[in-house]
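Numbered continuously in the UniProt record's numbering, the sequence shown closes out at residue 239.
Have a look at the structure below before the remarks.
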Amino acid sequence: MAPPPMKALIAVTCYNDSFYPDGKKTGVYFTEAYHPFMAFWAAGFDVQFVSEDGTFGYDEKSLDPINCSDKEMEDLRNPDSSFSKCSAKVTTADKVNGKDYGIIFFAGGHGTIHDFCDAPKLAKLASEVYFNNGILAAVCHGPAIFNNLKGPDGKPLIQGKTITGFHDQGETDMGLDEILKQRSLPTIRQIAANVGANYQAPPDPWKDFSLSDQRIVTGANPASATSTAIKAIELYNKL
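Structure representation (structure tokens):
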């Protein structure tokens, strides 16, 4: 089978509302979209942003100076940067054909556990990419998409596979345990267990850690966004 086109999708959450104890909004974790975009762009991929309803907003805490560099913020604020031009063209997941893309990358942010768990348009798109010999990648809370992602046999797509994702300790560190319980939101470890996947915890919840299991690539946290994208690119280059 010929490799799919050298084009990448970055899938982002459309949830952008109050979540944190201080009332700040969650949404897309900025660098978990920015770093993969820069990796794909540098490798020569055409990139398209998608979400379930064609909109997105950023997690407010992800824009704090401690979480992103001056250069990254400059690119975000500059409407003429390659990142801003591309992300501004975000479209609804059902407006693109997964067979036209070689990689689909699910960015994280706590917004994803509000909508990725039951996002039929994104799930269909992910299946189209994957079953056309493409690469399926997700970082941090992005693996929430696996909650309702099934294969042609109706079984969970990642059943029996090994993934990583944001660690429960990270939720505790952020003081979010009770909010997750109050909203009945699952952790990535719980999602993996629910669909029969093996969850591999990162050695440190905040340091770079990513892994691949055949054509599925996952990363554990914001620090892992670049390595997850690079692993996806390396797998694509071997197709």
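Beta carbons are placed, not taken as given, at the ideal position from N, Cα and C, and that holds for glycine.
All of these numbers come straight from a predicted model, not from anything done at the bench.
Measuring alpha carbon to alpha carbon, tell me which residue in the options is nearest residue i.
i           : options            : result
residue 166 : 157, 189, 178, 183 : 189
residue 198 : 227, 119, 185, 216 : 216
residue 154 : 76, 222, 127, 55   : 127
residue 40  : 135, 114, 53       : 135
residue 25  : 4, 59, 52, 1       : 59
residue 122 : 223, 52, 222, 206  : 52
residue 191 : 138, 145, 80, 63   : 145
residue 139 : 79, 218, 29        : 218
residue 32  : 16, 54, 109, 2     : 109
residue 220 : 82, 119, 137       : 137
residue 169 : 180, 160, 162, 18  : 180
residue 226 : 118, 23, 35        : 35
Which residues does DSSP list as the beta-bridge partners of residue i?
i           : result
residue 192 : Paired residue(s): none; residue 192 is not in a bridge.
residue 211 : 218
residue 103 : 8, 135
residue 228 : Answer is none; residue 228 lacks a bridge partner.
residue 182 : In the DSSP output, where bridge partners are listed per residue, residue 182 has none listed.
residue 163 : 199
Do residue j and residue i have their beta-carbon atoms positioned less than 8 Å apart in this structure?
i           : j           : result
residue 125 : residue 104 : yes
residue 27  : residue 142 : no
residue 37  : residue 10  : yes
residue 245 : residue 147 : Because residue 245 is not part of the residues shown, which for the chain are 1 to 239, the question remains open.
residue 20  : residue 61  : yes
residue 56  : residue 13  : yes
Within 10 angstroms of its Cβ, does residue i collect 16 or more other Cβ (buried), or is it exposed?
i           : result
residue 237 : exposed
residue 202 : buried
residue 151 : exposed
residue 115 : buried
residue 184 : exposed
residue 76  : buried
residue 239 : exposed
residue 120 : exposed
residue 95  : exposed
Segment contact, 8 Å Cβ cut-off, at least three pairs: the segment 39-48 with the segment 216-234: Cβ pair count under 8 Å is three or more, so yes.
Stretch pair the segment 79-91 + the segment 210-221: three plus CB contacts closer than 8 Å: Contact between the segment 79-91 and the segment 210-221 is absent, with fewer than three C-beta pairs closer than 8 Å.
Three-pair Cβ contact test at 8 Å for the segment 94-101 versus the segment 168-175: Under the 8 Å Cβ criterion, the segment 94-101 does not count as touching the segment 168-175, having fewer than three qualifying pairs.
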